[in-house]
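In this note's numbering, the protein residues as written are 180 to 816.
Since the structure comes first, as structure tokens, the remarks are kept for the end.
What follows is the structure, given as structure tokens:
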């Protein structure tokens with residue numbers, strides 16, 4: 180039925196993909212000195228992509244009544260003997276849901292950015308970069324093969340570098356952009372090895388090798404079951420691809436780049452953390468789940484890394500004072516939940532949580548941006564009293580926080596409950612860790628709410644003197660996205676995302692009463708403890724600092740992971756420098772340059788000794804030569 184859709188509107192996927200790119204190019208060519216034009220065309224193109232995506236989704240969900248076969252289209256891109264790679268599209272429930280997330284949440288962020296970035300000297304450049312980012316992410320979603328996906332995967336990296344380091348005149352922003360780019364390149368080295376290993380394995384059955392997702396999903400499981408692919412090779416391919424997920428979706432130990440990405444403008448943080456870059460890793464693993472579906476060992480590794488990430492990032496969020504970093508570590512933690520769901524065998528569960536998380540995390544980041552925009556500070560201890568001064572921002576932020584905590588009937592409760600249910604069925608230990616992390620999530624969000632929003636006004640005297648004390652809420656262009664995202668944070672679990680992903684054969688879903696009760700109890704406990712610790716009116720410093728002592732300092736130092744990686748880099752760099760110095764001094768210079776010179780001198784000395792200047796000696800040598808020649812001629816005859 181999707182083929183019929185493409186017949187009725189052949190250019191729809193092309194328009195969805197290339198509209199943001201057209202905006203980026205148009206801004207660079209004609210709009211760098213025209214802010215209204217740049218914002219207008221950028222917003223128009225992402226809304227056009229959203230409208231066509233909704234139309235495609237509507238066509239499938241209501242006109243085809245679910246259950247369509249994946250549709251693939253495109254044209255030959257790379258052709259060589261034994262190799263054909265397409266540039267094209269794969270349209271199925273997974274890609275349609277992800278398209279809705281990218282274009283839907285992205286549209287809210289684009290609209291919000293018009294108000295947030297107003298007056299910035301590089302306003303047009305911001306929207307050009309934003310549109311390029313959207314194009315890159317849409318390319319990942321549409322890609323029907325690993326090679327096309329990898330090209331857009333790296334384009335997302337370039338776009339994120341431009342946006343994270345947007346205020347490049349700040350050393351911290353430039354460093355953050357570099358850190359994100361470099362850390363992801365380390366992970367992507369493993370990813371690209373995995374892609375080529377998969378390509379090699381795709382031909383073990385005698386068929387022409389391929390990068391195509393649909394072909395690979397058919398061949399590799401069949402080859403594996405028939406014994407044509409050894410289990411270690413399949414596990415290796417899966418984990419190498421997972422390396423890309425560890426980098427892009429910020430899993431342990433490479434999550435260190437994501438909190439530093441807060442140096443970019445707040446809309447960038449919302450875009451990266453909610454709808455695009457970090458979601459790409461989870462989407463990749465869901466798209467290539469056929470690699471791990473029959474490999475319990477690979478699934479176990481993925482589930483444990485996701486759970487460790489969720490716990491460690493949750494504890495880091497608990498000790499942050501920068502509101503954006505609280506939300507950043509929260510994102511890392513929730514990504515850990517999604518990756519754990521993948522490892523527990525639930526790609527649709529992971530995508531369901533990715534979708535609901537996009538709604539309430541974008542809401543939280545944009546709400547935090549409205550606070551920062553008004554208060555000119557990111558420190559929660561310099562906020563407070565916002566319920567009266569910024570009621571729309573405060574209430575919508577509260578809705579987002581409760582959704583993140585997993586309070587029913589908000590969207591986050593249902594998607595997180597599905598993950599906990601999976602863990603309860605497959606691994607009780609991981610279930611316990613994730614349940615504790617859910618309580619931790621409620622605790623640190625309650626902390627943020629009481630200190631930054633619900634508690635007394637803590638705006639510093641310096642801010643009041645300079646007139647930064649807010650008396651009005653955010654402008655309409657910023658409030659409207661907050662209200663839209665708040666609505667979806669409330670109803671996001673009831674719009675059929677999980678059912679759409681699984682199709683008509685997915686079965687009915689009902690809450691596990693035990694898991695749901697434990698989930699609500701954990702969230703309630705976190706909220707109660709957060710209220711006990713932080714609802715005091717005259718609280719001037721974090722009580723956890725005294726309560727946790729040395730452990731608090733250890734967590735504040737981010738488990739010394741940054742220092743570890745820096746030290747590792749220094750050791751490697753020093754060792755490599757010493758090795759190269761030895762090679763240069765002993766091989767290149769001593770053996771190569773000096774050796775060649777010495778050999779030339781010795782050969783010249785030998786030739787010099789043959790030149791005696793005595794005629795009798797030359798006659799004797801000549802005579803011996805004549806005799807030797809005659810001897811050889813006679814012997815040959």
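A virtual CB, placed ideally from N, CA and C, is assigned to each residue, including glycine.
This structure is a prediction, so every number in the text was calculated from the model and none was measured.
Cβ of residue i within 8 Å of Cβ of residue j?
i	j	result
residue 619	residue 580	no
residue 595	residue 611	no
residue 314	residue 196	yes
residue 390	residue 264	yes
residue 576	residue 498	no
residue 564	residue 636	yes
residue 298	residue 366	no
residue 551	residue 486	no
residue 598	residue 668	no
residue 602	residue 702	no
residue 741	residue 505	no
residue 206	residue 221	yes
residue 424	residue 518	yes
residue 199	residue 328	no
residue 622	residue 582	no
residue 680	residue 273	yes
residue 412	residue 380	yes
residue 676	residue 281	no
residue 593	residue 672	yes
residue 429	residue 418	no
residue 469	residue 395	yes
residue 231	residue 191	yes
residue 556	residue 515	no
residue 442	residue 541	no
Secondary structure at residue i, three-state DSSP: helix, strand or coil?
i	result
residue 251	strand
residue 266	strand
residue 257	strand
residue 558	strand
residue 527	helix
residue 271	coil
residue 597	helix
residue 144	This structure leaves residue 144 out entirely; the chain is present only between 180 and 816.
residue 473	coil
residue 652	coil
residue 644	A caution first: residue 644 carries a pLDDT of 45, below 50, which makes its placement in the model unreliable, though a value can still be read off. Residue 644 falls in the helix class under three-state DSSP.
Output the distance between the C-alpha atoms of residue i and residue j, rounded to the nearest integer angstrom.
i	j	result
residue 800	residue 815	23 Å
residue 204	residue 211	11 Å
residue 862	residue 709	Beyond the ends of the chain as shown, which are 180 and 816, falls residue 862; an answer cannot be given.
residue 650	residue 553	Reliability of the predicted coordinates at residue 650 is poor, the pLDDT of 48 falling under 50, and no value is obtained from them.
residue 422	residue 772	43 Å
residue 387	residue 251	19 Å
residue 484	residue 213	47 Å
residue 644	residue 661	Annotation note: pLDDT 45 at residue 644 (below 50); position unreliable, no value reported.
residue 720	residue 626	12 Å
residue 692	residue 588	14 Å
residue 779	residue 786	11 Å
residue 796	residue 806	15 Å
residue 208	residue 513	39 Å
residue 286	residue 664	11 Å
residue 666	residue 377	42 Å
Do residue i and the ligand NAD come close, with the Cβ less than 7 Å from some heavy atom?
i	result
residue 560	No copy of the ligand NAD appears in this structure; indeed no ligand is present at all.
Item checked: Entirely enclosed beta strand (DSSP E) segments - the region 717-776, minimum 3 residues -> none
Next item on the list: Check whether the region 331-348 touches the region 399-412, counting contact only when three or more Cβ pairs, one atom from each stretch, lie closer than 8 Å.
Entry: no
Next item on the list: Kindly provide the ranges of any beta strand (DSSP E) runs that are 3 or more residues long and lie completely inside the region 418-459, ordered along the chain.
Entry: none
Notebook entry, point to check: Does the region 259-269 come close enough to the region 319-332 that 3 or more CB-CB pairs lie under 8 Å?
Noted result: yes
Next item on the list: Say whether the region 532-550 touches the region 452-459, bearing in mind that this needs 3 or more beta-carbon pairs closer than 8 Å, one atom from each stretch.
Entry: yes
Next item on the list: Could you say if the region 444-452 and the region 471-485 meet the contact criterion of at least three C-beta pairs nearer than 8 Å?
Entry: no
Check: Contact between the region 252-259 and the region 508-520: three or more CB pairs below 8 Å?
Finding: no
Next item on the list: Assess, as a yes-or-no matter, whether the region 514-522 is touched by the region 591-610 under the definition of 3 or more beta carbon pairs within less than 8 Å.
Entry: yes
Checklist line | alpha helix (DSSP H) runs contained entirely in the region 295-370, provided each spans 4 or more residues | finding: 302-321, 325-343
Margin query: With a threshold of 8 Å, are at least 3 pairs of Cβ atoms found where one atom belongs to the region 544-552 and the other to the region 486-495?
Written below: no
Note to self: Would you call the region 292-301 in contact with the region 326-335, where contact means no fewer than 3 C-beta pairs closer than 8 Å?
What the structure shows: no
Next item on the list: Tell me, please, whether the region 298-313 touches the region 213-222 by the rule of three or more beta-carbon pairs shorter than 8 Å.
Entry: yes
Note to self: Under 8 Å: do the region 358-365 and the region 405-418 share three or more Cβ pairs, one atom per stretch?
What the structure shows: no
Checklist line | Ranges of the beta strand (DSSP E) found wholly within the region 193-228, counting only runs of at least 3 | finding: none
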